[in-house]
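Counting from 599, one number per residue, gives the positions in the sequence shown under my numbering.
Quick notes on the structure that follows.
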Amino acid sequence: ARIISGVVQNYVWKAEGILPSASILGSLVEVSVYIFGGLILLQTFGVSIAPILTALGVGGLAVALALQDTLSNLFSGLHILLSRQIKVGDYIKLSTGEEGNVADISWRNTTIKAMSNNMVIVPNQKIASSILTNYDMPDQELSVLVAASVCYDSDLEQVERITVEVAEEVMASFMGGIKDFEPVVRFHTFGESSINFSVVLRAKEFADQYMLKHEFIKSLHVRYRQEGIKIPFPIRTVYTKQME
599 ARIISGVVQN
609 YVWKAEGILP
619 SASILGSLVE
629 VSVYIFGGLI
639 LLQTFGVSIA
649 PILTALGVGG
659 LAVALALQDT
669 LSNLFSGLHI
679 LLSRQIKVGD
689 YIKLSTGEEG
699 NVADISWRNT
709 TIKAMSNNMV
719 IVPNQKIASS
729 ILTNYDMPDQ
739 ELSVLVAASV
749 CYDSDLEQVE
759 RITVEVAEEV
769 MASFMGGIKD
779 FEPVVRFHTF
789 GESSINFSVV
799 LRAKEFADQY
809 MLKHEFIKSL
819 HVRYRQEGIK
829 IPFPIRTVYT
839 KQME
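Written as structure tokens, this is what we have:
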């Protein structure tokens, strides 16, 4: 049964791209092999399997009623498998807040490995009915937004040019950056003491965005200081009234 299970999983993975590491597929194949193998063995020894099939049908109905939640999770897992909405290794985020890489999809649960290195166990039914974001679809590349601001007396043309240069240098030197991506700078808000803008970078996958931001902010801070571009801080004017 295990050999047949492995062969089937390998074939389905290569032919359809369905989850290569999902344990639910192997479990279903093994159970099916044992059941059909047992029935064939009984028939070989002259035992009529018609009454057994009838009993299985009646018993199966009773079991189905008693195990509604379990069967719901089972079929939800199959739906997740066949619809290819997520696969093992994808980084997903549920509407309830849980997020991480899909580690496995079993007959009852989907296991998510959070960035804290903890395992989050979610029933398949919850996954199937939840609104989720798959950060690996349609591909793993991810746009990364970095918020920044400069003083009002800054030359915005110079700010844009230098920011783009720094972004290009960081993405070319960092392994998780997309080297041929053209970074974008967009000014969007007149703040209380600054002109605010966003910088759009591109990371190879979800986990790379944090180090990409880290390196970009460090490099941009150094370059701004060299070019005399000031990053403002909030200014408050306080008036005091002297009591007579």
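Every residue gets a Cβ at the ideal spot worked out from N, C-alpha and C, and that includes glycine.
Please read these numbers as outputs of a predicted model, since none were measured by experiment.
| query | result |
| --- | --- |
| At which residue ranges does the segment 684-754 contain complete beta strand (DSSP E) runs of 3 or more residues, listed in the order of the chain? | 689-692, 697-703, 707-711, 717-721, 730-732, 740-748 |
| How about Thr703 and Gly675: are their beta carbons less than 7 Å apart? | The question names Thr, but residue 703 in the sequence shown is Ile. For Ile703 and Gly675, yes; Cβs fall inside 7 Å. |
| So, for Glu813: in the same chain, excluding its five sequence neighbours on each side, which residues have a beta-carbon less than 6 Å away from its beta-carbon? | Val768, Phe772 |
| Where does the unbroken alpha helix (DSSP H) through Ser817 begin, and where does it stop? | 806-825 |
| Tell me which residues share the same chain as Leu810 and place their Cβ nearer than 8 Å to its Cβ, disregarding the 5 neighbours each side in the sequence. | Val742, Val768, Met769, Phe772, Gly774, Gly775, Leu799, Ala801 |
| By DSSP, does Gly675 sit in helix, in strand, or in coil? | helix |
| Determine the burial state of Val836: buried for a count of at least 16 other Cβ atoms within 10 Å of its Cβ, exposed for fewer. | exposed |
| Just to confirm, are Ser796 and Pro830 a CB contact at a threshold of 7 Å? | no |
| Would you list the one or two residues that DSSP bridges to Val836? | Bridge partners of Val836: none, in fact. |
| Measure the beta-carbon distance from Leu740 to Ile690 and round it to whole angstroms, keeping in mind my assumption that it falls under 8 Å. | No, Leu740 and Ile690 are not in contact; Cβ-Cβ is about 13 Å, not under 8 Å. |
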